[in-house]
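Visitor: Numbering (the working numbering), first residue to last: 27 to 216.
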């Protein structure tokens, strides 16, 4: 349901309507993430859903930031844009911290008890990949972006030992970094 709402067509010409819809999605997604975190005894059961939710949060906050920039570009002063941009940046920072923590925890679990996570599908590498791309484009807005980037990239390398798709994502990040000045990235293209 959350992805359907996030990807559904939005009314043209009114960026404020777009931003207002994010509030409901943000609240629902954060509530789901919190519910999963509170179930730490069954943490391995939630990795796939958790990674999907963090990807959704990254998507929402990037779209919020883009919409705020659109509103700002339309006029000299916009209280909506001035209010939403800092919230989007804070949301990105929150989500990046969660992804960094969970990728580290997942790596520890895989190293010590791989049988517990054997049925997991490789959604977590995608959340790590999207997080890396956000960090590489918004490093000037996110505290400790460089350190977080390197830690999450190391986790993605570790995931490549388990999932072939993670190795492909590592290669995509490396190609992007090699051509960073020439490569355009959009969260919606992934």
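Glycine included, each C-beta is placed from N, C-alpha and C at the ideal position.
(1) By Cβ distance, which residues of its chain are closer than 6 Å to residue 165, with the 5 residues on each side in sequence left out?
(2) Are the CB atoms of residue 79 and residue 156 within a distance shorter than 8 Å?
(3) Taking only three categories from DSSP, how would you classify residue 227?
(4) Ordered along the chain, which non-local residues of its own chain (more than five positions away) have a Cβ less than 7 Å from that of residue 178?
(5) Can you tell me which of the three DSSP states residue 187 falls into?
(6) Let's test the definition: count the other Cβ atoms within 10 Å of the Cβ of residue 52 and tell me whether it reaches 16, buried, or not, exposed.
(7) By the DSSP assignment, the alpha helix (DSSP H) with residue 159 in it spans what residues?
(8) Taking just the CA atoms, how far does residue 83 sit from residue 93?
(9) Closest by CA to residue 119, which one among 198, 57 and 86?
(10) So is residue 194 buried or exposed if we call it buried at 16+ other beta carbons inside 10 Å?
(11) Pull up the distance between the alpha-carbon of residue 203 and that of residue 182, whole angstroms please.
(12) Mark residue 214 as exposed unless 16 or more other C-beta atoms lie within 10 angstroms of its C-beta, in which case mark it buried.
(13) Please name the residue, chosen from 75, 76, 115 and 201, that lies closest to residue 90 on a Cα-to-Cα basis.
(14) Under three-state DSSP, which class holds residue 62?
Guide: Let me lay it out:
(1) 171
(2) no
(3) The first residue shown for the chain is 27 and the last is 216, placing residue 227 beyond what the model contains.
(4) If we look at residue 178 and ignore the five residues flanking it on each side, its Cβ neighbours are 125, 126, 129, 154, 157 and 158.
(5) coil
(6) buried
(7) Looking at the DSSP string, the run of the alpha helix (DSSP H) that includes residue 159 is 150-163.
(8) When rounded, the distance between both Cα atoms is 15 Å.
(9) 86
(10) Looking at its Cβ environment, which holds fewer than 16 other Cβ atoms inside 10 Å, residue 194 is exposed.
(11) 15 Å
(12) For residue 214, the pLDDT reaches just 45, beneath the cut-off of 50, and the residue's location in the model is therefore unreliable, although a value from the coordinates is still provided. It is exposed - the Cβ of residue 214 has fewer than 16 other Cβ atoms within 10 Å.
(13) Comparing Cα positions, the closest option is 115.
(14) helix
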